[in-house]
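> Chains A and B, in that order, give the protein sequences. What the first sequence shows, in this note's numbering, is residues 1 to 337, in sequence order. What the second sequence shows, in this note's numbering, is residues 338 to 585, in sequence order. Think of the CB as a built atom: it goes at the ideal place given N, C-alpha and C, for glycine as much as any other residue. Remember, it's a predicted structure, so these values are computed and weren't measured experimentally.
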Amino acid sequence: MNRSPYLSSAPSVSVIMVKVMLALVPAIAAYVWVFGAGILAVLALASITALLCEALMLKLRDRPIKPFLMDGSALLTAWLLALSLPPLAPWWLVVVGTFFSIVIAKQLYGGLGYNPFNPAMVGYAVLLISFPMIMTHWPAPLELAEAKLSFANQLQYIFGTSDSFSLDAVSMATPLDYLKTQLTLHHTVQQVSLAPQFGMLGAKGGELVVAAYLLGGLYLLQQRLITWHLPMAFLSVLALMAGAFYLLDPAHFAHPLFHLFTGASIFGAFFIITDPVSGPTTPKGKLVFAAGIALLTYLIRVYGGYPDGVAFSVLLMNMCVPLIDAWTQPRVFGHVK
Amino acid sequence: MSEVNQDITPEVVQEAEVKAQPKILYGEIVENGLWKQNPGLVQLLGLCPTLAMTISLVNGFSLGVMTAIVMAASNASVAPIRQWVPSEIRIPVFILIVAALVTMIDLSMHAYLQGLHSVLGIFIPLIVTNCIVLARVEAFAAKNPVVPSALDGFMMGFGLALVLATLGGIREIVGKGTLFSGIDLVFGPSAKSMILTVIPDYHGFLLAILPPGAFIGLAALIATRNWMSQRKAARDGALPVSTPLAAL
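Following this line, the structure appears as C-alpha cells:
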C-alpha cells in the first residue's frame, strides 16, 4: 500500500482493516434500523467462527497465531460475509459460510495475501448454490412486515431454539427477485414496481442500507484506502449496460438507477471488488476488472438463474486477474516497448 | 543372412526381455493397485467417473466394479496376444479389445440391471475412454503373462472402485444425509430397507452433490492419503515429521 516518495510509512494491515470495518458501521446501523437487531447476532457469530477457524488453520500450518489473528483480516471477511447474508440467517448457515471463507478460500490457498478468490464471496457462493431457498428469502423490512419481530424472536430464529414462526411469514421476495419472476409472467417493469417492497429507487428500507454503504465507501476513498478506479468503472459500466437496455425497451428492463441501488451493487463496488489481494494491481487492470464484473453482474441479473450476480461475477473475474495484470503492465519509465 | 535378420523382430526382443524380468510378485501387484499406485489417489487416472459418478456410494462402487471387470478382462485378453501385436498399431488394437469388452458389460447391465444402467447412463460406454484401462493394458498387460496381467487389471480397478465408493459415501452423507441410497437398483426393491439415514432431519448440502463437491472431496482424500504415507515414512525415519498442512 505504500507509495513513493515514502515520506510517511504505509498503514499496517490491521489499521486498514479497522478503518474498513469503521466504514461498515453506518451500514450496520441502517440494517438494525430497517431489519431489527438480529444482524448483530449474525455478525457476532460470524466473527467468532472466523477467529476460531483462522486460529485452528494457523496452528495446523505451524504459523504464529497471534500476529495473524490480530491483523483483523479474518474479522473483516466475516463481516463482509455476514452483511451479504439475509439479515435473519440460521446459525449453521453463518458457520458453514464462514468456514468455507476462512478455511477453504483463504487458508488452504496460503492465507492472507495469497488467496486468488475473494474469501467472503466464496463463502457466499457456496451458501447460495447449496441453500438457495434460505439465501433468497430475505425478511421483510420491519415497516412492511405483517408480524413485527422483536430482537428476542430474531435470536430464537437464528439459533433455532423455537419454531414460533416460519420464515415464510416474515419474508418477502427482494425487488430483484420479484422483478425477475414477475417479468417472466409478462408484467411490465412499471406494473411490477408498484409492489410494496419497491422504494423510490431500489428496495424499500434497503435503500437506506445502500446509502449507508455509499457513505462508508466515500470514507474509504477519502482515506485513500481504495482508489476511484474500481468503484467508478463498476458503477458506470453497470449504469451504461442498464441504460442501454432501458432505452431499448423500458417495459422489460429496469431503470439504471434501480440496478445501482438494489442488490449488492454499491456494497460490491466499494467493499467487495476492492479487495487488494484477489484483485488486479495496475490502474488500467482495475478498470478492466471492474467493467468485467459489472457486465457479468448485469447479464446474470437479467438473463441468469439467480436474482443477483455480484458474487459469481467477482469470482469469475478473480480467475482473470493474472491475465489482466499481465496485459496491463505499465511501461517502465525509460524503457521502449 | 536376411532370414536370420528377420528373426530378430522387436517382438522377439520383447519376449527375451520378458523372460529376463525378475519373478513377478503377486503381493506387490495387489499392494500397487490398492494403495501404492492407486489409480484414483496416486496416478490420478480415470478422473472422469471419479468426479462425475460419485454422487452416492452405490453409484460410485457399481461403476468402479464394472471398470474393474473390464480392466481384468482387457488385461487378460491383451497379455496372450502381446507378441503378435505390431507396436505401431498397438493402441487401436488395444482399444478395439477394450471397446468390445465394454459393449458386453453395457449390454449385460442393460439386460440384468436395468435401473442401475439407466442411472449410470453414458458413463458405462465411456469406460472405453477411461485412461486407466488403456494405461494398464499398455504399461502392464503388454509386457507380462496372462495371470499377473489379469490380477493387475482387477486390483487397479478395485482400487479405483474403493476410491469411488469412499468419495461417493462421503458426498452422499454430506449432501443428502443418507448412505446406500439406490441400492434397490442393484438388489431389487426389497433392498430398499438397507438405505441408512445417517443424519435425520437433514437440510441437505447441495454443494457436496454438485461438481465442486467432487473436486473438494477428492482433494481431501488425496491429502489424507499423502499425509498417511508421509507419517509412515516419518515413522520409518525416512522423512522429518511434519504437521498435516505445514507444507502450505
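Please state if the CB of Gly506(B) and the CB of Gly397(B) are separated by a distance shorter than 9 Å.
yes
> Could you name the residues that DSSP lists as bridge partners for Ala203(A)?
Phe198(A)
> Using a Cβ-Cβ cutoff of less than 7 Å, which residues in the same chain neighbour Gly519(B) once the five nearest sequence positions on both sides are dropped?
Ser393, Val395, Asn396 and Val456.
> Quick check on Ser130(A) - is its C-beta less than 9 Å from some C-beta in chain B?
Chain B, which has a Cβ nearer than 9 Å to the Cβ of Ser130(A), makes this yes.
> For Leu463(B) and Ala29(A), I'd like the C-alpha separation in whole angstroms.
57 Å
> Assuming Met390(B) contacts Phe460(B) under a Cβ cut-off of 8 Å, what Cβ separation, rounded to an integer in Å, is found between them?
5 Å
> What do you reckon, are the CB atoms on Pro119(A) and Ser130(A) nearer than 9 Å?
Taking 9 Å as the Cβ cut-off, Pro119(A) and Ser130(A) do not qualify as a contacting pair.
> With a CB to CB cut of under 8 Å and the five nearest residues on each side skipped, what residues in its chain are close to Val341(B)?
With a pLDDT of 44 at Val341(B), under the threshold of 50, the modelled position of this residue cannot be trusted, and the question is left open.
> What runs of the alpha helix (DSSP H), each 4 residues or longer, lie entirely inside the stretch 425-469 of chain B?
427-449 and 451-457, all fully within the stretch 425-469 of chain B.
> Looking at the C-beta of Leu558(B), does it have a partner C-beta in chain A at a distance below 9 Å?
no
> Leaving out five residues on either side along the sequence, give the residues of the same chain with a beta carbon under 7 Å from the beta carbon of Asp308(A).
Leu176, Gly263, Ala264 and Arg301
> Thinking just about the alpha-carbon of each residue, which of Phe117(A), Thr188(A), Trp138(A) and Ile273(A) is nearest to the one in Leu230(A)?
Ile273(A)
> Alpha carbons only, please: which of Ile158(A), Val25(A), Lys286(A) and Val94(A) is nearest the one belonging to Cys53(A)?
Taking only the C-alpha atoms, the option nearest Cys53(A) is Val94(A).
> Could you check how far apart the C-beta atoms of Leu543(B) and Gly512(B) are, in whole angstroms? I think they sit under 8 Å.
7 Å
> Count the other CB atoms within 10 Å of the CB of Glu425(B); is the residue buried (16 or more) or exposed (fewer)?
exposed
> Less than 9 Å separating the beta-carbons of Leu142(A) and Val34(A)?
yes
> Between Ile104(A) and chain B, is there a C-beta pair that is closer than 9 Å?
yes
> Can you check which of these residues, Lys529(B), Met565(B), His447(B) and Gly574(B), is closest to Trp372(B) by C-alpha distance?
Taking Trp372(B) as reference, the option from Lys529(B), Met565(B), His447(B) and Gly574(B) with the minimal CA-CA separation is Met565(B).
> Pick out the complete alpha helix (DSSP H) segments inside the stretch 196-273 of chain A, 4 residues or longer, and give them in chain order.
206-222, 229-248 and 256-261
> Pull up the DSSP beta-bridge partners for Pro139(A), would you.
Ser171(A)
> I'd like to know if the stretch 275-285 of chain A and the stretch 180-198 of chain A are in contact, where contact means that at least 3 CB-CB pairs between them fall below 8 Å.
no
> Under the rule that 16 or more other beta-carbon atoms within 10 Å means buried, what is Glu365(B), buried or exposed?
exposed
> Starting from Ile520(B), trace the alpha helix (DSSP H) both ways and give me its first and last residue.
It is not in any alpha helix (DSSP H) - Ile520(B) carries neither H nor E in the DSSP assignment.
> Taking Cβ positions only, does Val126(A) come closer than 9 Å to chain B?
yes
> Whether or not the stretch 478-486 of chain B and the stretch 495-510 of chain B are in contact is what I'm after, with contact meaning three or more pairs of Cβ atoms, one per stretch, closer than 8 Å; do they touch?
no
> Using the rule of at least 16 other Cβ atoms within 10 Å of the residue's Cβ for burial, across every protein chain shown, is Arg572(B) buried or exposed?
exposed
> Which residues in the same chain as Leu144(A) place their Cβ atom closer than 6 Å to its Cβ, once the five residues preceding and following it in sequence are excluded?
Around Leu144(A): Pro196.
> Locate the alpha helix (DSSP H) running through Glu368(B), then write down its first and last residues.
Tyr363 to Glu368
> Can you confirm whether Ile536(B), when its beta carbon is compared against all beta carbons of chain A, has any partner nearer than 9 Å?
Closer than 9 Å: no.
> Using a cut-off of 7 Å between C-beta atoms, extract the partners of Leu547(B) located in chain A.
Neighbours of Leu547(B) on chain A, chain order: Ile129.
> Which partner residues does Leu533(B) have in the DSSP bridge list?
DSSP lists Leu516(B) as partners of Leu533(B).
> Taking the beta carbon of Tyr298(A) as the centre, do at least 16 other beta carbons fall within 10 Å, making it buried, or is it exposed?
buried
> Have a look at Ser411(B), Trp421(B) and Pro417(B) and flag the residue whose alpha-carbon is nearest the alpha-carbon of Ala436(B).
Ser411(B)
> With a threshold of 9 Å between beta carbons, is Val18(A) in contact with chain B?
no
> Out of curiosity, what's the CA-to-CA distance linking Tyr449(B) and Ile434(B)?
About 23 Å.
> Between Val465(B) and the rest of its own chain, which residues show a CB-CB distance below 6 Å, the 5 nearest in sequence each way excluded?
Val435, Ala436 and Val439
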